[in-house]
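Notes follow once the structure below has been shown.
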Amino acid sequence: MIKKPRGTEDILPNDSKIWRLIENTAHEICAKYGYKEIRTPVFEDTSLFSRGVGDTTDVVQKEMYTFNDKGGRSITLRPEGTASLVRSYIENSLYANPQPTKLYYLISCYRYEKPQSGRLREFHQFGLECFGSDSSATDAEIITLAFDFFKTLGVKDLSLNLNSIGCEKCKPKYNEELKKYFSSHIDKLCDTCKDRLEKNPMRIIDCKSPVCQEVCADAPRMIDYLCEDCDSHFNQLTSYLDKLNIKYAIDPNIVRGLDYYTKTVFEITSDALGAQSTVCGGGRYNGLVEELGGKPTPGIGFAMGIERLILILKSQGIELGESLGPNIFVASIGDNASLTAQKLVYDLRNKGLWAERDLCDRSVKAQMKYANKLGACYSIVIGDDEVLNNKASLKNMGTGEETVVELSCDSIYNIIKK
Ligand code: ATP
Ligand code: MG
64 MIKKPRGTED ILPNDSKIWR LIENTAHEIC AKYGYKEIRT PVFEDTSLFS RGVGDTTDVV
124 QKEMYTFNDK GGRSITLRPE GTASLVRSYI ENSLYANPQP TKLYYLISCY RYEKPQSGRL
184 REFHQFGLEC FGSDSSATDA EIITLAFDFF KTLGVKDLSL NLNSIGCEKC KPKYNEELKK
244 YFSSHIDKLC DTCKDRLEKN PMRIIDCKSP VCQEVCADAP RMIDYLCEDC DSHFNQLTSY
304 LDKLNIKYAI DPNIVRGLDY YTKTVFEITS DALGAQSTVC GGGRYNGLVE ELGGKPTPGI
364 GFAMGIERLI LILKSQGIEL GESLGPNIFV ASIGDNASLT AQKLVYDLRN KGLWAERDLC
424 DRSVKAQMKY ANKLGACYSI VIGDDEVLNN KASLKNMGTG EETVVELSCD SIYNIIKK
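Residue numbers (the working numbering): 64 to 481.
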């Protein structure tokens with residue numbers, strides 16, 4: 064038997080309603096904050112990600128699904144959303160609209176990772192980007208949006224961890240200090256990090272290898288090297304968060320997995336997740352639009368993993384999208400009654416109700432058993448007599464109470480809609 068590829072999941076009917084609720088909540092919250100949905104292709108030119116995500120990152124070095132198409136182009140399945148949004152922002156001249164441009168997305172992403180709980184090869188993200196504002200009010204706004212979203216879903220006990228990783232003015236000096244520090248511990252670093260030392264030493268802080276993590280514990284911290292501009296940006300952000308009553312912790316070790324971040328970086332974590340504790344990660348990337356061929360434009364965004372969010376919801380016992388059965392099951396006996404049943408179900412559906420009938424040639428007894436299994440709220444049985452008299456008995460499946468009703472959509476609707 065052919066099985067699903069490793070690291071992928073089927074979203075079965077019982078779970079798809081949770082997904083829809085999460086997606087609907089994302090649409091609703093984004094509307095309140097003025098974010099508009101954007102949809103971009105599942106695959107892009109490989110160079111978009113090597114430039115946009117950064118070719119010293121784990122994502123680009125180890126995790127991308129890259130192949131040559133029949134035309135010999137190098138194609139990559141998107142491992143994340145930001146690079147595609149920046150491309151689209153530039154390509155479609157979205158900068159010509161009044162700024163900032165606020166965009167959000169609900170997408171599938173692809174990374175060749177070691178599958179485990181909360182870590183898949185195909186996973187899904189809800190994310191957003193805001194282009195054209197360097198104000199820390201924007202940083203505060205997207206963090207508020209994320210918490211608003213979690214609160215609406217009923218998620219509890221999340222932690223917000225913040226850091227600033229500086230800008231092109233203050234990063235170089237810090238990188239020099241980092242290089243000095245790591246050079247004196249080079250023997251202990253993993254091979255990938257040895258390579259990163261020259262190209263991008265800050266990446267080492269994000270390495271998952273325990274030995275590298277140990278070396279990082281005493282490494283210099285960017286937050287101590289911020290220039291005046293970055294320092295005041297960060298202080299303004301924390302003042303906004305204080306004012307909004309959003310609790311945070313400053314974690315100097317957050318550098319985030321992607322190369323393009325500047326200034327604010329943040330992660331939202333949950334103890335419910337175990338090893339993969341980050342449900343949402345984000346930050347500012349003031350150099351990225353220019354890096355990808357646009358005019359210098361500040362940007363900030365976040366992305367959250369929907370599979371990890373669902374793990375939290377389940378572990379906190381949050382019931383979402385508990386579905387009831389159909390409003391009514393219409394049972395029928397014989398061809399004539401079957402015609403009437405078909406039309407009645409159709410009319411009730413047109414009035415917005417969930418109506419079901421038998422589609423498997425069951426006996427009446429079996430039809431009623433099936434109605435019970437579906438959890439139908441009401442049932443009605445139609446035979447030749449009922450069609451002839453235009454009357455039938457409507458049964459409330461909860462109380463067992465039966466009422467004789469006219470066999471018309473309106474009279475049935477008036478009773479069962481309550
Ligand atoms: P991690 O450190 O856990 O690998 P990351 O820094 O690579 O995460 P991002 O690129 O920031 O993750 O992606 C944003 C969010 O997407 C993560 O916080 C997480 O919730 C989710 N995510 C990332 N990779 C995966 C994956 N392989 N499977 C499921 N969810 C993922
Ligand atoms: Mg990762």
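C-beta: ideal position from N, C-alpha, C; glycine also.
From a predicted model like this one, the values you see are computed outputs, not experimental measurements.
Problem - Contacts around Arg412, its chain only, beta-carbon distance under 8 angstroms, and the 5 residues preceding and following it disregarded - result: Ala418
Handout entry: Proximity test, Cβ basis, 8 angstroms: Ser171 and chain C
Key = Judged by its chain identifiers, the structure shown contains no chain C, having just a single protein chain.
Practice task
Please say whether Cys440 and Gly362 have beta carbons closer to each other than 8 angstroms?
Solution key: no
Exercise for the section: Give a yes or no on whether the C-beta atoms belonging to Gly350 and Glu231 are separated by under 8 angstroms. Expected result: yes
Handout entry: Per-residue burial, Ala404 [other beta carbons within 10 Å of its own, 16 or more giving buried]
Key = buried
Exercise for the section: Quick one: grab the DSSP three-state call for Leu241. Expected result: helix
Exercise for the section: Please find out if some non-hydrogen atom of ligand 2 comes closer than 7 angstroms to the beta-carbon of Asp322. Expected result: no
Problem - Endpoints, beta strand (DSSP E) assigned at Leu225 - result: Leu221 to Ser227
Problem - Local conformation of Tyr168 per DSSP, three classes - result: strand
Handout entry: Contact test: Asp121 Cβ vs ligand 2 heavy atom, cutoff 7 angstroms
Key = yes
Practice task
Check whether the segment 337-357 touches the segment 311-328, taking contact to mean three or more Cβ pairs, one atom from each stretch, closer than 8 angstroms.
Solution key: yes
Handout entry: Rounded straight-line distance, which links the Cα of Ser456 to that of Ser151
Key = 59 angstroms
Exercise for the section: Report the option in Ile138, Thr145, Lys125 and Gly195 whose CA atom is closest to the CA atom of Tyr158. Expected result: Gly195
Practice task
May I ask whether a heavy atom of ligand 1 can be found less than 7 angstroms away from the beta carbon of Cys343?
Solution key: yes
Practice task
Count the CB pairs spanning the segment 121-141 and the segment 75-92 that are closer than 8 angstroms, and state whether there are at least three.
Solution key: no
Practice task
Run the CB neighbour count on Arg136, radius 10 Å, all protein chains shown included, and call it buried at 16 or more, exposed below.
Solution key: exposed
Problem - Option nearest Glu469 by Cα separation, candidates Gly463, Asn477 and Ser340 - result: Asn477
Handout entry: CB contact flag (Arg259, Thr119, <8 angstroms)
Key = yes
Exercise for the section: Please confirm whether Cys256 and Cys275 have their CB atoms less than 8 angstroms apart. Expected result: yes
Problem - Those runs of the alpha helix (DSSP H) which lie wholly inside the segment 296-378 and span at least 4 residues - result: 351-354 and 369-378
Exercise for the section: Please find out if some non-hydrogen atom of ligand 1 comes closer than 7 angstroms to the beta-carbon of Ala282. Expected result: no
Exercise for the section: Go to Ser472, then tell me how far its alpha helix (DSSP H) extends in each direction, as first and last residue. Expected result: Here residue 472 is Cys; the residue named in the question, Ser, does not match the sequence. Unbroken alpha helix (DSSP H) run through Cys472: Cys472 to Ile479.
Handout entry: Beta-carbon spacing of Pro264, Ile286 below 8 angstroms
Key = no
Exercise for the section: Return yes when the Cβ of Val444 is within less than 8 angstroms of the Cβ of Ala394, no when it is not. Expected result: yes
Handout entry: Whole-angstrom distance between Ile369 and Ala312, CA atom to CA atom
Key = 24 angstroms
Exercise for the section: Could you please give me the residues that DSSP links to Phe194 through a beta bridge? Expected result: Thr164 and Gly362
Exercise for the section: Would you list, in sequence order, the uninterrupted beta strand (DSSP E) runs of no fewer than 3 residues that lie entirely inside the segment 445-472? Expected result: 454-459 and 465-469
Problem - Minimum length 3: unbroken beta strand (DSSP E) runs contained in the segment 412-446 - result: 418-420 and 441-445
Handout entry: Sequence-distant residues of its chain with Cβ nearer than 6 angstroms to Asp281 (five each side left out)
Key = none
Problem - Status (buried if at least 16 other CB within 10 Å, exposed otherwise) for Asn160 - result: exposed
Practice task
Report the three-state DSSP secondary structure of Asp410 (helix, strand or coil).
Solution key: helix
Practice task
Give a single yes or no on whether Met265 has its beta carbon closer than 7 angstroms to a heavy atom of ligand 1.
Solution key: no
Practice task
List the DSSP bridge partners of Lys99.
Solution key: Leu166
Exercise for the section: Tell me whether Leu416 counts as near ligand 4, meaning its Cβ is closer than 7 angstroms to at least one heavy atom of that ligand. Expected result: Among the ligands modelled here, namely ligand 1 and ligand 2, ligand 4 does not occur.
Handout entry: Spatial distance of Cys290 from Asp121 (CA atoms)
Key = 28 angstroms
Exercise for the section: Please look up how many angstroms separate the CB atoms of Glu192 and Gly364, rounded, as I've assumed it's under 8 angstroms. Expected result: 4 angstroms
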